[in-house]
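As structure tokens, the structure follows; a few thoughts come after it.
Numbering (the UniProt record's numbering), first residue to last: 1 to 732.
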């Protein structure tokens, strides 16, 4: 893996040996990143290497079939027509005992994380994709295999560190300025989960441009002949605008309740089931919603159901009803059919002045990905979609695609990640003021023109990267400069972000920017084709032409390689072997894993039907081990807490201790809410992203109450809880 700033070039080699006693055809099904541009495919048999070429898909298939039937060795690499993160490799006519080495190279953008790291993911897990009745899917078996991985990172900015979900050898810096480094995956890695690497640079990300020269032998006027630029933007919104988050909106939470959500989040100690992690997250979300908004919760599997017939106003009663239903949720709804619940949600009328925002939680094991994405895109004018991939092997094509087409944000929760901070980050995005009237303007030398290859920007989030690919036509001198200007309005305020960049091409980029630009344009054309555009044949022809010229994969092309020097007599049909590179923990029975789980948390036997509904709901969450979730579960919809024994338990105090220290003339709920705020800032500051909205509601509620000397109250609370928090820190 070669990482250059925020672009990765990955070279993967698959070794295969035919251990059968007759010629064999092997079929491999494996995952790649959804946004990857596959740009090279070759096969080596003995000392002979055959480099594949990109051709029209049907032509390539015919060539492959003809070659194999005539006894020649042939190799075919195809992208799935349903999901761009699944590929099928056919290795044809390998003699008994013969081995072949197949190399695939792709380039991909690295996603920026909330902590400013760049995430590289090598998909190792291809979860079985659930296929609704009436559709077809590739099926295959499994085979043991091993993995070696070497990563080389280079950047103009110093590299701070590399972290991984897997065990790495020590990082080795190649230069004293720390701009280049290498690291290897430690031996013995089991290919049972995706390999994630997080690259940290010493400087936080800034707007930048990479200018890449074209190929002089490419046809004049083509994408590969001209210069291409990749612009990275990181919008920063004015502080006064960000200080007041939206209080209106309709929030629809869509929770995968298929059988696979009963799997564990990871295979380590203390792992939760995916559905249990989702339930904890729903608790935080429900407590964080602004008063006066609307909400609903859907569960889906082979069927779907909603908590309410339509979204309801958020108040204490509806919140309690929802929490009761959340407690009862299980992964018991069969397969993963997300299309029907989405259609139902989109058919519901929206509330005026309450923009609808979808939060979709799924392990992404569906097969009709493109149909789902088309549906999301067709409703982007009235709905925003935030998506969350849960567990190893969640489909990147589905998760990132739903967020991209729905003008939202995608998050992946894998291995030992806590779901809550990532979800709350997306809630912050959802509550940000809407960015409107986005425009992009270019200022270039007179002899240079620009064709923007990326789709129009329809969403911007504070601090999140936005990429723009563009084709520059014409000649410019080495010292020429260009400017890209992004304008938009935020809460009726005009905002302008500008980037100046040099038009001199960057050296040694290996055409990675051209290939990523080609992939971006191809994906846009695929979407246009599926939307029922008038000139479907013209669009398809343009896709094939672009794919062939750029040497990158598409749904209408395939990589084909034929070893014409090999020929052997084939008697009868070739033996076929299907190989699906997927999670081997799924191959055996799940029962031993489930039996080793801790007993599920249950409501104590003395807390049953004689209790009020609100108390019954709280009884489930109070006995959670996480003290933060205990505190959050006690908050009222308005933002306050009651002064009682359950709150005192969270603080490690008795109710009498809390009551006796209460300043005179201060209401019990005000004192309880103030203590909760002090405890959050004094004891749980490292998890602030999870409780930030809970605290904002609490501070707002205190501000609406008549309180005497707040500073003195804060001092008393600090003494009681052993904290040192200022009134200003609490935001009251």
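All C-beta atoms, glycine included, are put in the ideal place defined by N, C-alpha and C.
Can you tell me which of the three DSSP states residue 563 falls into?
Taking the first residue of the chain shown as 1, we reach residue 563 at position 563. DSSP places residue 563 in strand when its eight states are reduced to three.
Specify, as a first and last residue, the run of the alpha helix (DSSP H) that residue 237 falls within.
As a working mapping, residue 237 is identified with position 237 in the chain shown. Counting along the chain, residue 237 falls outside any alpha helix (DSSP H), and DSSP gives it neither H nor E.
Taking only the alpha-carbon atoms, compute the straight-line gap between residue 337 and residue 393 and give it to the nearest angstrom.
Position 337 of the chain shown holds residue 337. Position 393 of the chain shown holds residue 393. Near 17 angstroms, if we compare the C-alpha coordinates of residue 393 and residue 337.
Name the residue from 263, 502 and 496 whose alpha carbon lies nearest to the alpha carbon of residue 237.
Taking the chain shown and counting its residues from 1, the one referred to as residue 237 is at position 237. The option with the nearest alpha carbon to residue 237 is 496.
Among 516, 399, 446 and 431, whose alpha-carbon lies nearest the alpha-carbon of residue 491?
Locating residue 491 in the chain shown gives position 491, counting from the first residue. The shortest Cα separation from residue 491 among 516, 399, 446 and 431 belongs to 431.
Consult DSSP for residue 48 and reduce its assignment to one of helix, strand or coil.
Locating residue 48 in the chain shown gives position 48, where the first residue counts as 1. Looking at residue 48 - three-state DSSP - the assignment turns out to be strand.
If I follow the unbroken alpha helix (DSSP H) through residue 671, where does it start and stop?
As a position in the chain shown, residue 671 is number 671, starting the count at 1. Here the alpha helix (DSSP H) through residue 671 covers 668 to 683.
Taking residue 666 as the reference, which of 372, 712, 463 and 171 has the closest Cα?
By 1-based counting over the chain shown, the position of residue 666 is 666. Ranking 372, 712, 463 and 171 by Cα distance to residue 666 puts 712 first.
Can you tell me which of the three DSSP states residue 149 falls into?
The count along the chain shown starts at 1 and reaches residue 149 at position 149. Looking at residue 149 - three-state DSSP - the assignment turns out to be coil, as it is neither helix nor strand.
How far does the beta strand (DSSP E) with residue 480 in it reach, from first residue to last?
Working through the chain shown from its first residue, we reach residue 480 at position 480. No beta strand (DSSP E) holds residue 480; DSSP gives it neither H nor E.
Rounded to the nearest angstrom, what separates residue 380 and residue 482 at their Cα positions?
Counted from its first residue, the chain shown places residue 380 at position 380. Counted from its first residue, the chain shown places residue 482 at position 482. The alpha-carbon atoms of residue 380 and residue 482 are separated by roughly 32 angstroms.
Where residue 110 and residue 211 are concerned, what is the direct C-alpha to C-alpha distance, given to the nearest angstrom?
The residue you call residue 110 lines up with position 110 of the chain shown. The residue you call residue 211 lines up with position 211 of the chain shown. Roughly 18 angstroms separates the two Cα atoms.
Out of curiosity, what's the CA-to-CA distance linking residue 542 and residue 555?
Counting from one through the chain shown, the residue named residue 542 turns up at place 542. Counting from one through the chain shown, the residue named residue 555 turns up at place 555. Distance between the alpha carbons of residue 542 and residue 555: 12 angstroms.
Measuring alpha carbon to alpha carbon, tell me which residue in 464, 320 and 423 is nearest residue 207.
Position 207 of the chain shown, counted from the first residue, corresponds to residue 207. It is 464 whose Cα lies nearest to the Cα of residue 207.
What three-state label does DSSP hand residue 264 in the structure shown?
Here residue 264 corresponds to residue number 264 of the chain shown, with the count starting at 1. Correct three-state label for residue 264: strand.
Of all the options 257, 12 and 280, which has the alpha carbon lying nearest to the alpha carbon of residue 330?
If you number the chain shown from 1, residue 330 lands on position 330. Closest option to residue 330, Cα to Cα, is 257.
Within its chain, find whatever has a CB closer than 6 angstroms to the CB of residue 4; leave out the 5 residues flanking it on each side and keep chain order.
Here the question's residue 4 lines up with position 4 in the chain shown. Only 154 meet the Cβ criterion.
Would you call the CB atoms of residue 692 and residue 265 closer than 8 angstroms?
What you label residue 692 is simply residue 692 of the chain shown in a count that begins at 1. What you label residue 265 is simply residue 265 of the chain shown in a count that begins at 1. Not closer than 8 angstroms, so no.
Residue 713 lies in the alpha helix (DSSP H); which residues open and close that run?
Residue numbering aside, residue 713 sits at position 713 when the chain shown is read from its first letter. 710 to 721 is the extent of the alpha helix (DSSP H) around residue 713.
Could you say if the region 176 to 186 and the region 213 to 226 meet the contact criterion of at least three C-beta pairs nearer than 8 angstroms?
no
Specify, as a first and last residue, the run of the beta strand (DSSP E) that residue 732 falls within.
Taking the first residue of the chain shown as position 1, residue 732 is located at position 732. Per DSSP, residue 732 belongs to no beta strand (DSSP E) and is neither H nor E.
In the structure shown, what three-state DSSP assignment does residue 303 receive?
In the chain shown, the residue the question calls residue 303 occupies position 303. Of the three classes helix, strand and coil, the one that applies to residue 303 here is coil, per DSSP.
Three or more C-beta pairs closer than 8 angstroms, one from the region 87 to 104 and one from the region 69 to 79: is that the case here?
yes
Could you give the first and the last residue of the continuous alpha helix (DSSP H) run that contains residue 660?
Here residue 660 is taken as the residue at index 660 of the chain shown, counted from 1. Element bounds for residue 660: 655 to 660.
Return the bridge partner residues of residue 180 from the DSSP annotation.
Locating residue 180 in the chain shown gives position 180, where the first residue counts as 1. According to DSSP, residue 180 bridges with 154.
What did DSSP end up calling residue 525 once you bin it into helix, strand or coil?
Numbered from 1 along the chain shown, position 525 holds the residue referred to as residue 525. It is helical.
Thinking just about the alpha-carbon of each residue, which of 729, 102, 6 and 722 is nearest to the one in residue 748?
The chain is shown only over 1 to 732; residue 748 falls outside these bounds and no answer can be derived.
When you compare only the Cα positions, how much space is there between residue 720 and residue 663?
Along the chain shown, one-based indexing puts residue 720 at 720. Along the chain shown, one-based indexing puts residue 663 at 663. Looking at the two C-alpha atoms, the distance is approximately 12 angstroms.
For the candidate residues 687, 695, 688 and 659, whose alpha-carbon lies nearest to that of residue 639?
Translated into positions along the chain shown, residue 639 becomes position 639. The shortest Cα separation from residue 639 among 687, 695, 688 and 659 belongs to 695.
Tell me whether residue 115 is buried or exposed, calling it buried when 16 or more other Cβ atoms sit within 10 Å of its Cβ.
Locating residue 115 in the chain shown gives position 115, where the first residue counts as 1. Residue 115 is exposed by the Cβ-count criterion.
Thinking just about the alpha-carbon of each residue, which of 373, 360 and 368 is nearest to the one in residue 389?
Along the chain shown, one-based indexing puts residue 389 at 389. For the residues 373, 360 and 368, the minimum Cα distance to residue 389 belongs to 360.
Would DSSP call residue 641 helix, strand or coil?
Here residue 641 refers to the residue found at position 641 of the chain shown. If DSSP states are grouped into helix, strand and coil, residue 641 belongs with coil.
On the premise that residue 643 lies in contact with residue 671, defined as a C-beta separation below 8 angstroms, what is that separation, rounded to the nearest angstrom?
For the purposes of this step, residue 671 is identified with residue 671 of the chain shown, where counting begins at 1. For the purposes of this step, residue 643 is identified with residue 643 of the chain shown, where counting begins at 1. Right, their Cβ atoms sit about 6 angstroms apart.
Mind reading off the beta-carbon distance from residue 414 to residue 165? Whole number of angstroms is fine, and I expect it under 8 angstroms.
The residue given as residue 414 occupies position 414 in the chain shown. The residue given as residue 165 occupies position 165 in the chain shown. About 7 angstroms; that satisfies the 8 angstroms criterion.
Enumerated in chain order, which unbroken segments of the beta strand (DSSP E) with a length of 3 residues or greater are wholly contained in the UniProt domain "VIT" (1 to 108)?
The qualifying runs are 2 to 4, 7 to 17, 24 to 31, 37 to 45, 48 to 51, 53 to 56, 73 to 79 and 86 to 94.
Determine the burial state of residue 370: buried for a count of at least 16 other Cβ atoms within 10 Å of its Cβ, exposed for fewer.
The sequence position of residue 370 within the chain shown is 370, counting from 1. Counting Cβ neighbours within 10 Å, residue 370 comes out buried, since at least 16 surround it.
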